[in-house]
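Under our numbering, the very last position in the sequence shown is 361; numbers go up by exactly one each time.
For glycine and all other residues, C-beta sits at the position ideal for the given N, C-alpha and C.
Worksheet: one structure, shown below.
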Amino acid sequence: MGAYLRAKLRACSVGREWSRKDGFSARPLAVTLKPVLTCNLRCRMCSYVANGAVETAVNESLPLDVWERFVDDVAAWRPYLWLTGGEPTLYPYLVPLIRRIKGRGLICGMTTNGTTLEHLAEELVAAGLDVLVVSLDGRENVHNRVRRHPKAFQRAEAGIRRLHQARAQRKRRKPLLIGNCSLSPDNYRDAEEMVTLAHELGLDALGFQHLWMITPEMVDLHNSRWGTEHAVAAERWATSERIAMDPAEVADVVHRTRRLASPLAVRWYPDLEPSEVFTYYEQPPTFVRRQPAYCAWLNTDILPNGDVSPCFDLVCGNITQEPLTAIWNNESFRRHRQRLATDGDFPICARCCSYWRRG
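Right under this line is the structure:
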């Protein structure tokens with residue numbers, strides 16, 4: 003309950019900070035750690051596959067002691083720390099890092115493709131991981147096609163079942179086990195089946211995620227206004243390929259999954275109304291729902307080399323050179339927030355996960 007109240011209070015206070023227009027933020031609600039960008043899968047819809055980031059070598063990542071110093075530095079702020087990637091389980095010091103996070107009394111979650119989970123389940127439960135999100139695209143044939151691996155589903159399923167066993171053996175309810183299904187041309191017509199699959203796997207909750215996207219037009223609009231201060235490389239992030247999904251069918255899928263009688267907690271990100279689905283998929287530069295871009299006041303990514311990156315292609319510092327507590331309100335970070343507070347959200351915000359998920 004303490005963590006929940008802290009999060010609610012932080013969310014309530016951020017509006018006042020945004021309205022001051024000075025770029026100051028009291029503290030992050032969450033920090034996303036990317037200890038590796040390396041991945042053992044080549045998912046069809048992944049931007050890191052498209053731009054080659056998944057080919058980064060694991061040995062280019064920070065050593066454990068740097069991440070541990072970071073945890074010690076931010077512990078007084080009590081942010082949620084979320085591990086992702088790439089595939090975070092490929093980081094050789096993952097479990098010791100989780101132990102350090104939990105040893106400082108912080109909430110720790112992780113997103114994984116589940117392929118190595120069977121071998122790590124016992125250690126993750128023992129380390130005290132709070133939340134584990136496993137990416138699932140559908141049943142075996144769909145999931146393996148999307149993940150471009152003939153055994154991806156079988157390995158994830160075995161890992162989930164092993165995690166249930168490890169929780170039972172230690173009489174623990176954590177980590178909470180959540181499925182995340184990214185809607186794509188390969189699986190969107192079968193989304194209802196994911197709810198059934200989530201029940202069969204004993205998941206605690208299920209999230210559906212509309213695909214995030216950046217188009218060349220969005221990059222051009224952004225760079226025409228902010229290119230001298232915050233240029234975004236179209237070749238790294240943008241795709242001109244239209245997502246081959248029928249918005250009417252997507253809206254119907256959303257409606258059908260919502261009306262399913264289910265004790266399982268099911269969420270959509272972003273939670274679009276049927277009337278908004280067409281705009282989301284057919285007009286990517288158009289915001290379906292405007293809101294202040296509070297993400298820069300509440301969250302940042304830390305990349306495998308230590309770069310503190312609150313937005314695409316923007317680096318405000320590096321934790322190997324300065325602690326995050328110093329970087330968080332340095333000139334670069336505050337200027338980033340001032341741009342958002344004064345001129346409003348960027349064109350590249352329109353389909354960005356951080357814009358919708360906030361902390």
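Under a three-way DSSP split, which group does residue i fall into?
i, result
"Met112", "strand"
"Phe335", "helix"
"Ile180", "strand"
"Gly361", "Reliability fails at Gly361, whose pLDDT of 47 lies under 50, so the model's placement of it is uncertain and no value is given."
"Ala13", "helix"
"Phe210", "strand"
"Ala128", "helix"
"Ala233", "coil"
"Tyr282", "helix"
"Asp248", "coil"
"Ala343", "helix"
"Asp309", "strand"
"Ala298", "helix"
"Val135", "strand"
"Gly105", "helix"
"Ile304", "strand"
"Tyr95", "coil"
"Trp330", "coil"
Would you grab the beta carbon distance between residue i and residue j for me? Rounded to a whole angstrom, and I think it's under 8 Å.
i, j, result
"Ala235", "Asp315", "6 Å"
"Arg359", "Tyr271", "6 Å"
"Leu266", "Val197", "7 Å"
"Cys110", "Leu92", "That pair is no contact at about 17 Å."
"Pro94", "Val127", "Not a contact, Cβ separation roughly 19 Å."
"Thr217", "Pro287", "7 Å"
"Met215", "Pro349", "Wrong, their Cβ atoms sit about 12 Å apart, outside the cutoff."
"Pro98", "Val33", "Actually they are not in contact, since the Cβ atoms of Pro98 and Val33 sit about 18 Å apart, beyond 8 Å."
In or out: residue i buried (at least 16 other Cβ within 10 Å) or exposed?
i, result
"Met3", "Legend: pLDDT at Met3 = 49, less than 50; position of this residue unreliable, value from coordinates given subsequently. Classification of Met3: exposed, given that the 10 Å Cβ count is below 16."
"Ser68", "Residue 68 is actually Val in this sequence, not Ser. Val68 should be labelled exposed."
"His201", "exposed"
"Ser186", "buried"
"His2", "What is shown of the chain runs 3 to 361, which leaves residue 2 out entirely."
"Thr230", "exposed"
Of all the options the options, which has the alpha carbon lying nearest to the alpha carbon of residue i?
i, options, result
"Ser27", "Glu195, Arg258 and Arg18", "Arg18"
"Glu195", "Gln167, Thr34, Asp347 and Val268", "Val268"
"Gly140", "Phe210, Leu165 and Gly107", "Phe210"
"Asn146", "Val310, Arg44, Val252 and Phe280", "Arg44"
"Gly54", "Glu125, Thr34, Trp214 and Gly88", "Gly88"
"His151", "Asp24, Leu35 and Arg46", "Arg46"
"Arg337", "Thr259, Ala298 and Thr58", "Ala298"
"Ala2", "Glu237, Leu199 and Tyr82", "Residue 2 lies beyond the stretch modelled for the chain, which goes from 3 to 361, so this question has no answer here."
"Arg188", "Glu243, Gln156, Glu231 and Asn143", "As written in the sequence, residue 188 is Asp, which differs from the Arg given in the question. Looking at the Cα atoms, Asn143 is the closest of the given residues."
"Val136", "Glu125, Glu124, Ala154 and Ala129", "Ala154"
Quick check: is the beta carbon of residue i nearer than 8 Å to any beta carbon in chain C?
i, result
"Val73", "Here there is only one protein chain, and chain C is not present."
Across the segment 202-219 and the segment 172-180, are there enough close Cβ pairs to call them in contact, namely three or more that are closer than 8 Å?
The segment 202-219 is in contact with the segment 172-180.
State whether the segment 157-169 contacts the segment 107-118, with contact taken as three or more CB pairs (one from each stretch) at a distance under 8 Å.
By the C-beta criterion, the segment 157-169 is judged to be in contact with the segment 107-118, since at least 3 inter-stretch pairs fall below 8 Å.
Are three or more beta carbon pairs between the segment 294-307 and the segment 21-41 nearer than 8 Å?
Touching, yes.
Would you call the segment 59-75 in contact with the segment 325-338, where contact means no fewer than 3 C-beta pairs closer than 8 Å?
With a cut-off of 8 Å, the segment 325-338 and the segment 59-75 count as touching, because enough Cβ pairs lie within range.
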